[in-house]
Amino acid sequence: MTTPIRSNPSRKTFSVWSGLTWLIIAGVIAATVFTMWSPDNLFTADNPSNKPYDPSAGFPANWPTPTTSPRPRIGIVAGHWGNDSGAVCNATGLTEVEVNLRIATIVQQNLMAAGYDVDLLEEFDERRYLYNALALVSIHNDSCEYINDQATGFKVAASYASGDTGPSSSNARLLACLVDRYSKSTNLPYHPGSITNDMKEYHTFSEINPGTPAAIIETGFLRLDREFLLQHPDLVSKGISDGILCFIQNEPVSAGSTLTP
Numbered sequence: 021m022t023t024p025i026r027s028n029p030s031r032k033t034f035s036v037w038s039g040l041t042w043l044i045i046a047g048v049i050a051a052t053v054f055t056m057w058s059p060d061n062l063f064t065a066d067n068p069s070n071k072p073y074d075p076s077a078g079f080p081a082n083w084p085t086p087t088t089s090p091r092p093r094i095g096i097v098a099g100h101w102g103n104d105s106g107a108v109c110n111a112t113g114l115t116e117v118e119v120n121l122r123i124a125t126i127v128q129q130n131l132m133a134a135g136y137d138v139d140l141l142e143e144f145d146e147r148r149y150l151y152n153a154l155a156l157v158s159i160h161n162d163s164c165e166y167i168n169d170q171a172t173g174f175k176v177a178a179s180y181a182s183g184d185t186g187p188s189s190s191n192a193r194l195l196a197c198l199v200d201r202y203s204k205s206t207n208l209p210y211h212p213g214s215i216t217n218d219m220k221e222y223h224t225f226s227e228i229n230p231g232t233p234a235a236i237i238e239t240g241f242l243r244l245d246r247e248f249l250l251q252h253p254d255l256v257s258k259g260i261s262d263g264i265l266c267f268i269q270n271e272p273v274s275a276g277s278t279l280t281p
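For the sequence shown, my numbering assigns the number 21 to the initial residue and increments by one for each residue that follows.
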């Protein structure tokens, strides 16, 4: 009688675990080889992140570039725009707001061409509250009515609201730059003695951020200066934009233009 062959359970168990062990070892070896050949391998000699930074070599080409910072901002108010007509010349139907908006739009274009972000604001624009910028200038014009033969020229008033009104204050420098550059561009006379309380206490001065230097300019009289204002808005606008750039870039001004607000 032949004795039947009996299987050994412990030997089968050993064979299964042995196979799994070798499978795991093979997987680890394959993963290691793949990692060593990957271009992002931390051990690759060509990876810039493994090399000490050499200042003489400049920045590696694949370093992340910095986030672009927002450009400096300037606010330009077109006087009366979005609210009323301002002064009205009954004989011709010309309104102050038309002249203001035309000049303000060109000023905006000039400053944008110089590399600044410029907000063109309405008279009571909601953005004016706590408005924060390098500077804010509101553009207006004087009466259409005949006053006298001396009623020609421009006026500028700077903000009193922030208390920054000393001779070396930012508001005083903005005023001086506007007076200097505007007079040079237009050859119109400056009339500081006829600046009104409405200009000195202009509502926007107390509504914007106290740290924003601000001024209001009346670029001329719509009676005696009308022809110049309508035919040469480029010179009018250049005087204002040059004045703002003079202030922002801390350019020198004529001694007679350095006036307190």
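Positions of the beta carbon are idealized from the N, C-alpha and C atoms, including for glycine.
Close Cβ partners of residue i (< 7 Å) along its chain, the five nearest in sequence each way excluded
i: residue 206; result: 255, 256 and 259
i: residue 135; result: 91
i: residue 228; result: 148, 150, 151, 156 and 234
i: residue 122; result: 253
i: residue 244; result: 171 and 172
i: residue 79; result: For residue 79, the predicted model reports a pLDDT of 49, less than 50, meaning its position is unreliable and no value from the coordinates is stated.
i: residue 273; result: 196, 197, 200 and 266
i: residue 58; result: In this prediction, residue 58 scores a pLDDT of 48, lower than 50, which makes its location untrustworthy; the coordinate-derived value is nonetheless stated afterwards. Same-chain partners within the cutoff: there are none.
i: residue 203; result: 210
i: residue 125; result: 140
i: residue 194; result: 155, 178, 233, 235 and 267
i: residue 226; result: 181
Helix, strand or coil at residue i according to DSSP, with G and I counted as helix
i: residue 146; result: helix
i: residue 158; result: strand
i: residue 97; result: strand
i: residue 244; result: coil
i: residue 108; result: strand
i: residue 169; result: coil
i: residue 138; result: strand
i: residue 249; result: helix
i: residue 195; result: helix
i: residue 151; result: coil
i: residue 266; result: helix
i: residue 115; result: strand
i: residue 7; result: In the structure displayed, the chain extends from 21 to 281; residue 7 sits before or after that span and is not available.
i: residue 181; result: coil
i: residue 228; result: coil
i: residue 123; result: helix
i: residue 190; result: helix
i: residue 205; result: helix
i: residue 103; result: coil
Presumed contact (8 Å Cβ cut-off) between residue i and residue j, rounded CB distance
i: residue 127; j: residue 101; result: That belief does not hold up - the Cβ atoms of residue 127 and residue 101 are roughly 13 Å apart, past 8 Å.
i: residue 198; j: residue 235; result: 6 Å
i: residue 97; j: residue 141; result: 5 Å
i: residue 179; j: residue 191; result: 5 Å
i: residue 158; j: residue 224; result: 6 Å
i: residue 103; j: residue 146; result: Wrong, their Cβ atoms sit about 12 Å apart, outside the cutoff.
i: residue 120; j: residue 160; result: 6 Å
6 Å CB neighbourhood of residue i in its chain, flanking five on each side removed
i: residue 162; result: 238 and 241
i: residue 324; result: No answer is possible for residue 324: it lies beyond the span of the chain, which begins at 21 and ends at 281.
i: residue 153; result: 93, 94, 95 and 232
i: residue 137; result: 91 and 93
i: residue 139; result: 95
i: residue 105; result: 115 and 117
i: residue 219; result: 177 and 236
i: residue 222; result: 236
Beta bridge counterpart(s) of residue i as assigned by DSSP
i: residue 175; result: 238
i: residue 210; result: 174
Residue i at chain C interface by Cβ criterion, 7 Å
i: residue 100; result: Here chain C cannot be found, since the structure has a single protein chain.
Give a yes or no on contact between the region 165-183 and the region 206-225, applying the rule of three or more CB pairs nearer than 8 Å.
yes
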